[in-house]
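Quick note on this note's numbering: the sequence shown kicks off at 511 and runs consecutively. Shown next, in C-alpha cells, is the structure this report addresses.
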Amino acid sequence: MKKQQTPYLCHIFVCANMRENNPENPGCGAKGGDILKDKLKAAVTARGWKGKVRVSTTGCLGLCAQGPNVLLHPQGVWFSGVTEADLDVILETAGNFVS
Ligand code: FES
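Okay, structure coming up:
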C-alpha cells in the first residue's frame, strides 16, 4: 500500500446512490445525481481544470433525505438539495481552491 496526499486541489464528490428499496427516500441518484455529475464534469473540463479538480460519483454520503448531496474534498464543503441551478455556485466555490 502507498499512502499519499490527494493529487487534486478539489475533488467534487456527487452522490448518485439509488435506494431502490426505499420509495419514500429513493436516494440522490433518483433525484438527478448522475445528471449533476455529468454537468459538473463538463464544466470542469470547459474551465481547463482537468488534473486539478476531479468530479466523481460516490455512494451514499449519509444524508439521503437532504439530497442530492455534493461534497468538496478536502475542503469539507457540503451542498445539499442540489439542483442544476446551483451548479454555478458549486463551481465558483471549487474555483476558490484552484490556483
Ligand atoms: S443516497 Fe445520497 S446521501 Fe444517501
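We put the beta carbon where it would ideally sit given N, CA and C, even for glycine.
Inset, instruction - Output the distance between the C-alpha atoms of Ala553 and Cys570, rounded to the nearest integer angstrom. - result: Sequence index remark: in the sequence shown, residue 553 carries index 43 (1-based). Sequence index remark: in the sequence shown, residue 570 carries index 60 (1-based). Rounded to the nearest whole angstrom, the C-alpha separation of Ala553 and Cys570 is 23 Å.
Legend entry - Residue closest to Gly572, alpha-carbon to alpha-carbon, out of Gln514, Leu519, Asn535 and Tyr518: In the sequence shown, residue 572 corresponds to position 62, counting from 1. Gly572 has its Cα closest to that of Asn535, out of Gln514, Leu519, Asn535 and Tyr518.
Legend entry - Pair within 7 Å by beta-carbon distance, Cys520 and Gly543: Residue numbering aside, residue 520 sits at position 10 when the sequence shown is read from its first letter. Residue numbering aside, residue 543 sits at position 33 when the sequence shown is read from its first letter. No, they are not a contact pair.
Inset, instruction - Check the C-beta distance from Thr567 over to Lys547 and give it rounded, since I have them as a contact under 8 Å. - result: Numbered from its first residue, the sequence shown carries residue 567 at position 57. Numbered from its first residue, the sequence shown carries residue 547 at position 37. Thr567 to Lys547, Cβ: 5 Å. Contact.
Legend entry - alpha helix (DSSP H) segment containing Val599, residue limits: Your numbering for residue 599 matches position 89 in the sequence shown. Start and end: Leu597 to Gly605.
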